[in-house]
Structure formats: structure tokens, C-alpha cells
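A.B. asks: Line by line, the protein sequences give chains C and L. Using this note's numbering, you'd call the opening residue of the first sequence number 680 and step up by one each time. Using this note's numbering, you'd call the opening residue of the second sequence number 176 and step up by one each time. Even glycine gets a Cβ: it sits at the ideal position worked out from N, Cα and C. My structure is below; once you've seen it, I'll send some questions.
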Amino acid sequence: MSTPYAKLPGWADYGLIPLINLLVAFVVAGFVVLLVGENPFRAAVILVEGAFGRGQGIAFTLFYATTFIFTGLSVAVAVHCGLFNIGTEGQAYIGGLGVAVVCLVFDSVTPWWITFPIAIVASAVMGALWALIPAYLQAKRGSHIVITTIMFNFIAASTMVFFLVGALKPAGSQAPQTRNFLEGGQLPKLNWIIELFGAKIRSAPFNVSFLLALLMAWLVWLLIWRTKLGYEMRTYGHSPKAAKYAGISETRIIIIAMMISGALAGMMALNPTMGDQHNVAIDFVSGAGYVGIAVALMGRSHPVGIVLAAILFGALYQGGAELAFEMPAISRDMIVIIQGLVILFAGALEHMFRPYIQVLFASVSPKSMGMAAAKGGGG
Amino acid sequence: MAEAAIELIGINKSFGAVQANRDINLEVARGTIHGIVGENGAGKSTLMSILYGFYQADSGEIRVNGKPATIKTSNDAITAGIGMVHQHFMLVDNFTVLENVILGAESNALLKSSIAKARSELIRLEREYGLQVNPDALIEELPVGLQQRVEILKALYRGAEILILDEPTGVLTPAEADHLFRILGQLKEQGKTIVLITHKLREIMAITDSVSVMRQGTIVATRETKKTTVEELAELMVGRRVLLRVEKDAMQAEGVKLSVKNLTVKDLRGVTMVDDVSFDVRAGEIVGIAGVAGNGQSELLEAISGIRKAVSGSVTLDGKPIDLTGAADPGELRERGLAHVPEDRHHVGLVLAFEENENSILGYQDDEQYLKGPFLNIDAIQKDARDKIEKYDIRPANCRLKTANFSGGNQQKIVLAREIEQDPGVLIVGQPTRGVDVGAIEFIHKRLIAMRDAGKAVLLVSVELDEIRSLSDRILVMFAGRIVGERGSDTTEGELGLLMAGVEHKEAAE
């Protein structure tokens, strides 16, 4: 049998199906809200208003989204090469080490626009090197990348604790974090962009690393679909045998893809450290790497989809915080449940409604599915 | 005419907007062998899957022995007396024959009584139909022909009166196929009804009583086998006249292009798959390697094309050595003018998820004409793909279409166009027409002959004896990893069949 169902038009594939999945996730989440005795409709309104209602909310949503764009891109690049990089969390964390060293050394010397590029390179290099070891083990020894990257997340966490309670901690301080960065290590805010539209913002950490994230999204698109390297990565990702046939070195492509993935993860560290807290603190990644997996899954590993999915998850973070504040019955954990449902329906059960929609499309307008010329499905 | 064992009335089946079966009416008389032929994608398998309960028809009626039957699962089909022998066997390799036969038909939770019952039943079936198999042998130790016999026994044990066989001879040697046909003949004499799905027209002519031809989801004709010819059936299948025999001029072979000496290849478990093989391929000739699937041909091709490392041996291309035991990789060989059409186009020769134009550079992605620095030169790639689509009549003529949406024949044309248009000195081809429709086979054969006539060296591996015989200038037969004989293109099928079965090889060993 060849494919029993033909292709959907692009807008349905990338727009309609995710939308339906999202709606179903919210409906189920609504029942959970009902279960704890709150009004799901009011909860939905609070959530959406909290994320997008005011300038303050939008800025926070985009701040969170910035983080998720980096981690989502990181996961997606590896996925295109057929690799499941669970290590984004650890690579981002170690990326923070690069940021810390650069900022602590340069913040008193150089302005932010010089520190920033150096920190970008440092965080990317650290993230890439952290991904290199599992990549090498996979390529040369066949150690499964999922297992090794998970283990490396724990090693990364311990390593960072070692530095943050030791060498990086100012003498006499009780907190496991670096000293606060001076002005040369602080990124300018972008809140003025939102204020252009008339919104008022008290203070929000939305900063220039958002622009870096968008730039990276474009570069990833360019890499995957427009370069020879991306072509080779996709070939290996779809069929390692075809890659071998095409003369693509397995070792080389795995290592390069993982290092790019790690570099993108490492850059995530810039946003919460230089952009927001102005220090590198313990556990600053706090699960963003894992959210990146959901973001990549939901964004279908396409940069545009990832940016949109990152904004969605940013909105869930921000709106969820508001919700927990407004409705005492709904705790922080409820938000995690809602996020989990979104991941479940938009990611894991992505194909649940697809067959029905395809049948619907096929019966409504067979031509739109580009099947006029295709041959029969039986064989 | 005898009473109908199976009647299909107005069967329709769609997958999405694709209508795989359209208004099928079919009647198979009891105690006959009925053939169903058709190109890939004509809907044969879908139709049989409906009959066996894997799919359900959107509309239409199935009657078994004159009574309407509802077949929703394969259990319903078995109850109705329908048994199926699949193209890919559904056997548990590390179970014995007996255990496989009772699998799913155990009479209670304890196996002892089932096994005893099955043993006596097997002995009876053996006597009745000449289906000898040792009931205590492990499946993995049996040759393919016997494994197939177990599949037939499984169906008969479940009381099948109607047997469906899906491409049963694809994995058999000619001798094994003959044996199968004798068994089918005996089953027919005992009053069983047999439906044979195949794309080999000669088999249809040899053993069926009647034959239906399917094209694009419909049955276009049903004939009594005695009153039809291979040519007529082929024409009905394709919808136009087809040249079944390839026309070619006398060979004009010159110097040796590819020389293989004492090549030995092992698989991952360390089993020797290619054993001390030596041969030459000269410019302007097609050398065919015949053999039953699994006798080392695949490994030989993979080793020569650099995909699989060889253990020992030497290979020279244009007189210069290739280090196949070490660092040779397919990319380097391609640069040196060795093109490879792999056996498995779905996983090796193509990336089905890619657009057609992306596949048209697979393996040649380092070629400067497709690149602009580190970037792909999309315009050049697509123009190149469009040229090939036109030249090779690839349909649909859309280089942006996903490769999975092309038919088998067109996918193979994409691979061939890519490899041939690079103008290689040596072309190695594995199973060029497997799963390819008759119309495309003709085209592909002509292309291979044209390569030969242009003075290229062509090495062809195929399990289709007809193909080997009609294309090759010299034929090498592989058995158990060795080349057991060389024949000219005028050799008989019987002679090749004996070599393929290892007869001469065994005699030499004794």
C-alpha cells in the first residue's frame, strides 16, 4: 500500500490541524478547571488577557517566547537529522557558563553591544561542546543519543552547581549565583516596541535577544532548506541508508548537527541572564529545554511554526501565572497540567484528527488535495 | 460451468479521494484456479484484502458458495473457508512448523492436545496433497519454498476451501515454483478453489483456468486462459501494445571497465555472504547476475558501490584499484564514474519524503553545478529535474511533488535518470524493474540497452530470469555467495534454474 490518504493543502496542514488540536486541549483543560470548582470560561479569559491583554503581559509573553524559540530551534535542528536531542536543557545550562565568564570579564570594560556578540559566541560554543560528547559517542560508539543527552543534563546541572557555589560566586555571598553584571553585561529592553502601540509597561524583561532568536530562526530555515549541509542532514534524518548511498559521512553529519543544536541551546542562556536577571543563577533554565521539545513538535520543526509555538507556550507561562494569581483554586501545577494537555494533543496526538480532516477534505474538494494526477492507492 | 465459490458484486473501495477499487464484479468457479493480473497499484491487493477482511468495501457484496458473507476480520474470512498465503510470510521464525500451524487456532489454553490433533491432521494433509514438511522443524531452518508450504498448510488446517496466493513465486527458484504449481494442481483436483495474484504472465498461462486483468482499480477483462495470449494480457494490463522482448543489436564489447577479483563480503553477524567472487565487466556489455534472492547478490552490489565494506579482494575501475575493504565511499566512486541504481529504491535510492527535484541530486549534492558556495542552487536543481522529467517521461511532470506520491515505475525512472544522466562509465543496477509496471519496464530496459550501446559497462542483478536473459550479454549465476556458472544469453531457463538451485555447485563439492 502506498499512502492511503493524500496530502492536505498547506494551510490546513499547518494552520487548521494545530488549531483543532489546541482547541481540544483547551476543552479538556476546561473540564479540569471545572473539576476544581472554577469557571473554565472565566479562567480562559484570565489566561488570554494575562498573556495578551496588556502591554505588560505581551512583553512577558515574548520574553518567555524568546527562550522557547532558542530551545525549540535546537531540538528541531537535531530532529531534521533524525536525532532526538533531549539535552537542550543541559546545553542551555552550560551555555550560561559561557555567558557568565564573558560578562564577568567584560562587563566593566565594554559596552553591551560589544559584550553581547562575545557572549553569543561563548554561549554557543559552550552549548556546542556540551553536545559534542554525546554526538561523538553516538556517531562512533553507537551510544544512544537520547540516553546520553539525558545523562548529560544531570552532569550539566552538577557542573553548574560546582561553579556557582565555587569559582563564580562572589566571596562572602550566600546565594549560588554570580555577582550582578554591570551595565556592559545588561541587554537593552525592547519594551518600547510594544509601547509604540500605545501600551503601558511598568517593567518587563523583554529584550534584544528576542531579535537574535528571530535571526536564528531565519538562519535555521536557511540552513535546513537552502544549504548543502541542511540537505545532507535531512537526507540522513529521513533515511540513514540513503545518506550512506549518497556518500554522506554518518559521523560527520551527526556531530555537526548536534553541535549546531547545542549552539542554539546555549544561546538560550543569554535571554534570562543578560536580558533579565543580570546574573547567572542556579537552575536558571528551569525546564525550558524540555519545553523546547514540545515547541519543536508543535511547530512541526519548521522555524515559523516554532516561533508561533514558542509564543503560544510563552502565553501559557505568562497567562498561567496570572491565572494562578487570580484564581486561588488554580495553582501553578494546574498550569503545568494545561501545558501538558497542549503538548499531548498538539504534539503526541498530532495525527489523531488528521484522518478525519483528510476524509472531509477529500469529499469536499478532491482537486484541492492535488490528487487529480496521482495514481490509485491500492497496490 | 461449476457453481461459483466466490462472487464479488459491485465492490467499491476508496482511500480518501483515491478509488482503489471501482465497481468490481468477479466470479470464481469452484474447483478452478483463477488468476488476477495487473500493474502495481491496479488494485489487486486491495481487492484481496477486502476478501480477506483487512479492509472493508465501501459498497458491494461478497458471496461465498452462493451465500452472502460479511467479512469484517480475517477470522470471518477463515470461518467462511477463505485462506490467504501472503507475499511476505506470516510465520514465527523460531517456532516449529507444528507450532506455527496451530498459532491462533489452539483448541484450549493447554497446547498438548492441540499439538497432538494438529500432528495427525498434518499427516493427513500431507498424504492428501503431497505437502511434505517435517512438523518438528524450526521455520528459520527451512528453505523459502518449504516455508511457503507451511503457509499453505496453515490455511488448509483452518479448513480453507478457497486459497488466495499473493505473488507466491517471487521468492522461489524455478524448480520450487514448478513444485508449487504441482501442489496447486493437486489442490484443485481435490476441489479447492485458488485465486492467484501475480504479475508474471507466464505463470498465468501455465496454471490458471481463467484470468482477470485489473487496471486502475477496475477489472478490464476476464478471459478463459486457453483462449488468450500473453500479448493480449499485457496489452490489457497497460492499455496499449507492449514490447515484451527487448530488441538489441549484437554486442560490441571492448576493454575491461570493472574488474572484481576474489571479493569476499561478510554481513554483520560474520556470515560470509559473498565468497571469493571474481568477474570482469567490459565496456559495451551487460553482465547479468542471476540467482534466487538472498544468495549474496545484494551484498555484492553494496560492496562494489562502496556502501558495504568488503573483507578481502580487489576491484579495479578503469584499471585503477578501489580500496573496498577500507575507506572507499560511494561519493568517491561516483566521482570516478561508477553509478549505482540500488535494489531498494524506497530506503536507499530515494528519500521518499523529499520533493522530486531534491532526489534528483541525491549522491551528487557535491556537484558544483547544483551549488552556489555552501548553498543549494535551487534554480539549477529544479531546471535539471525538469529536464530529466521530460527526457524520461516521469509522471506527474512536477518536480516539486513529494517523491512518495509517484508510482513505483516513475520513482525508478527518477533514480535511473539521475544515475544515467551523469554519464557514468560503469552502471550497476539492482532489481531495476521490481515493483515497476509493465509500461515502465519496457522503457527502463531500453535505457539499459542504450547505455550498453553507448559503450558503458552495465552490471545487472535481478531475480527476474526473463529480465536477465533478455538484457544480458553474459549471465553469471550466484548461489550461496559464489558464482557457480557463466552462460551466454542463449542459455535456457531450465539450465539457469538448475544453477540457481545450486545443483552444479553441490556436485562439484562432492
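Does any residue of chain C bring its CB to less than 8 Å from the CB of L:R509?
C.D. replies: yes
A.B. asks: Given this structure, state the Cα-to-Cα distance separating L:G600 from L:V633, to the nearest angstrom.
C.D. replies: Looking at the backbone, the Cα of L:G600 and that of L:V633 are separated by about 9 Å.
A.B. asks: Can you pull the DSSP bridge partners for L:N187?
C.D. replies: L:S234
A.B. asks: Between C:R905 and chain L, is any beta-carbon pair separated by less than 8 Å?
C.D. replies: yes
A.B. asks: Does any residue of chain L have a CB that is nearer than 8 Å to the CB of C:L908?
C.D. replies: Yes, its Cβ sits closer than 8 Å to a Cβ of chain L.
A.B. asks: Could you check what DSSP says for L:F654 in three-state terms: helix, strand or coil?
C.D. replies: strand
A.B. asks: Can you tell me which of the three DSSP states L:F550 falls into?
C.D. replies: strand
A.B. asks: Taking beta-carbon pairs under 7 Å, can you tell me which members of the region 915-944 of chain C lie near chain L?
C.D. replies: H917, S918, K920, A921, K923, Y924, A925 and G926
A.B. asks: Chain L beta carbons: is any one of them nearer than 8 Å to that of C:E911?
C.D. replies: yes
A.B. asks: Give the secondary structure of C:N886 by DSSP, where H, G and I count as helix, E and B as strand, and everything else as coil.
C.D. replies: strand
A.B. asks: For the region 372-389 of chain L against the region 211-221 of chain L, are there 3 or more C-beta pairs whose distance is under 8 Å?
C.D. replies: yes
A.B. asks: Pull out every residue of the region 520-532 of chain L whose Cβ sits closer than 8 Å to any Cβ of chain C, in chain order.
C.D. replies: Result list: H522, V523, G524, L525, V526, L527, A528 and F529.
A.B. asks: Are C:L908 and L:P549 closer than 8 Å when you measure CB to CB?
C.D. replies: Yes, the pair counts as a contact, with Cβ atoms nearer than the cut-off.
A.B. asks: CB C:G774 to CB C:A948, shorter than 8 Å?
C.D. replies: yes
A.B. asks: Return no unless some Cβ of chain C is closer than 8 Å to the Cβ of L:F550.
C.D. replies: yes
A.B. asks: Can you list the residues of chain C that L:P599 reaches, using a CB-CB cut of under 8 Å?
C.D. replies: Result: empty, since nearest Cβ-Cβ is about 14 Å, beyond 8 Å.
A.B. asks: When the Cα atoms are used, what is the spatial distance from C:L847 to C:G971?
C.D. replies: 27 Å
A.B. asks: Spatial neighbours of L:A560 within its chain, please: C-beta separation below 7 Å, excluding the five flanking residues on both sides.
C.D. replies: These residues qualify, in order along the chain: E531, N532, S535 and C574.
A.B. asks: Using a beta-carbon distance cut-off of less than 7 Å, what residues from the region 326-344 of chain L approach chain C?
C.D. replies: none
A.B. asks: Quick one: does L:G506 have its CB under 8 Å from some CB of chain C?
C.D. replies: yes
A.B. asks: If you drop the 5 nearest sequence neighbours on each side, which residues of the same chain put their C-beta closer than 6 Å to that of C:A878?
C.D. replies: G734.
A.B. asks: So C:G766 is in the beta strand (DSSP E); what residue range does that whole segment cover?
C.D. replies: Segment: none, C:G766 is in no beta strand (DSSP E) and carries neither H nor E.
A.B. asks: Give a yes or no on whether the C-beta atoms belonging to L:V144 and C:K868 are separated by under 8 Å.
C.D. replies: Chain L is shown only over 176 to 685; residue 144 of chain L falls outside these bounds and no answer can be derived.
A.B. asks: Looking only at its own chain, which residues have a Cβ that is under 7 Å from the Cβ of C:T794, when we skip the five neighbours before and after it?
C.D. replies: V781, C782, F785, D786, G863 and G864
A.B. asks: Please classify L:G119: does DSSP put it in a helix, a strand, or coil?
C.D. replies: No answer is possible for residue 119 of chain L: the residues shown for chain L start at 176 and end at 685.
A.B. asks: Quick check: is the beta carbon of L:G414 nearer than 8 Å to any beta carbon in chain C?
C.D. replies: no
A.B. asks: Who are the neighbours of L:L476 on chain C, taking C-beta pairs under 8 Å?
C.D. replies: Within 8 Å Cβ-Cβ: nothing; L:L476 doesn't reach chain C, min ~11 Å.
A.B. asks: Which residue from L:Q262, L:R644, L:I314 and L:V638 puts its Cα closest to that of L:A676?
C.D. replies: L:V638
A.B. asks: Compute the Euclidean distance between the alpha carbons of C:I990 and C:A744, then round it to the nearest angstrom.
C.D. replies: Rounded to whole angstroms, C:I990 to C:A744 spans 5 Å at the Cα level.
A.B. asks: Compare the Cα-Cα distances from L:A629 to each of L:V490, L:L433 and L:G459 and report the closest residue.
C.D. replies: Distances from the CA of L:A629 to each of L:V490, L:L433 and L:G459 were compared; the closest alpha carbon is that of L:G459.
A.B. asks: Over the uninterrupted beta strand (DSSP E) stretch that includes L:S480, give me the two end residues.
C.D. replies: Careful: L:S480 lies outside any beta strand (DSSP E) and carries neither H nor E.
A.B. asks: So, using beta-carbon positions, are C:Y924 and C:C760 closer together than 8 Å?
C.D. replies: no
A.B. asks: In angstroms with no decimal places, state the Cα-to-Cα distance between C:E1001 and C:I725.
C.D. replies: 7 Å
A.B. asks: Quick one: what does DSSP say L:G686 is sitting in, helix, strand or coil?
C.D. replies: The structure shown does not extend to residue 686 of chain L, since chain L spans only 176 to 685, so no value can be given for it.
A.B. asks: Using the three-state DSSP reduction, which class does C:A850 fall into: helix, strand or coil?
C.D. replies: coil
A.B. asks: Which term fits C:P951, buried or exposed, when burial requires 16 or more other beta carbons within 10 angstroms of its beta carbon?
C.D. replies: buried
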